[in-house]
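*Asks:*
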Amino acid sequence: MEQTFEDILSSLLDSYEKSESKDIDALLRDKSEELGLTEESLALVKDASEYFDKFAEKTNQLAEAQDDGISRKRWLTSDIEKSLGDYSDEEKAEIMQAISEQVDMEINQQAGEE
C-alpha cells in the first residue's frame, strides 16, 4: 500500500516522540524499510525534518530575544544581517530593499483581502 507524505510524516513524528534517543537519522533508517520509502521519499522527509528543526530553532531564538526586550523587527533584521555576512554592503542593501518591498507587498495584499 502506497503511503502519502502526510502518513509517512505522521508515522515518523509519532515514532520520534516515543523514541528515547531522539536521533532522527537513525529513526529514518529504521522507518524507511518499514514504510517502504523510496530514496526520493526519504529525501523529502529529511528535508522536511531539517526545515522543522530550523523553524523551531528560529522560533526559540525569537522568543528569547523578545524576553530580552528585543522587538521582532530588530531580531529579524539582525538575523538577516548575520546571514548576509559575506556579501558587500551594496549587495546587502539590495537584498534588504527587496525583502522590505516584498513584505510591504504582502501587507498590502493582506489588508486588501480583509
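In short: position in the sequence shown from 1, add 2, done, that's the working numbering. Ideal Cβ positions, reconstructed from N, Cα and C, are used throughout, including at glycine.
Drop a sphere of 10 angstroms on the beta-carbon of isoleucine 82, count the other beta-carbons inside from all chains shown, and report buried for 16 or more, exposed for fewer.
*Replies:* By the neighbour-count rule (16 or more Cβ atoms within 10 Å), isoleucine 82 is not buried but exposed.
*Asks:* Suppose the cutoff is 6 Å on Cβ atoms and the five residues either side in sequence are ignored; what does the same chain contact list for lysine 94 look like?
*Replies:* Excluding residues within five positions, the ones whose Cβ falls inside 6 Å are Leu86.
*Asks:* With the cut-off set at 8 Å, would you say isoleucine 10 and serine 51 are in Cβ contact?
*Replies:* No.
*Asks:* Buried or exposed: which applies to valine 47, given that a residue is buried once 16 or more other Cβ atoms fall within 10 Å of its Cβ?
*Replies:* Buried, since its Cβ has 16 or more Cβ neighbours within 10 Å.
*Asks:* Based on Cα-Cα distance, which residue from Val105, Glu41 and Ala113 lies nearest to glutamate 75?
*Replies:* Sequence check: residue 75 is lysine here, not glutamate. Among Val105, Glu41 and Ala113, the Cα nearest to that of lysine 75 is on Val105.
*Asks:* Spatial neighbours of aspartate 55 within its chain, please: CB distance less than 7 Å, with the 5 preceding and 5 following residues excluded, ordered by chain position.
*Replies:* Excluding residues within five positions, none has a Cβ falling inside 7 Å.
*Asks:* Is the separation between the beta-carbon of leucine 30 and that of leucine 15 shorter than 8 Å?
*Replies:* It is not a contact, given that the beta carbons lie outside the stated cut-off.
*Asks:* Would you check if the distance between the CB atom of serine 17 and the CB atom of lysine 33 is smaller than 8 Å?
*Replies:* Going by C-beta atoms, serine 17 is nearer than 8 Å to lysine 33.
*Asks:* To the nearest angstrom, how far is it from the Cα of glycine 71 to the Cα of asparagine 110?
*Replies:* Their backbone Cα atoms lie some 28 Å apart in a straight line.
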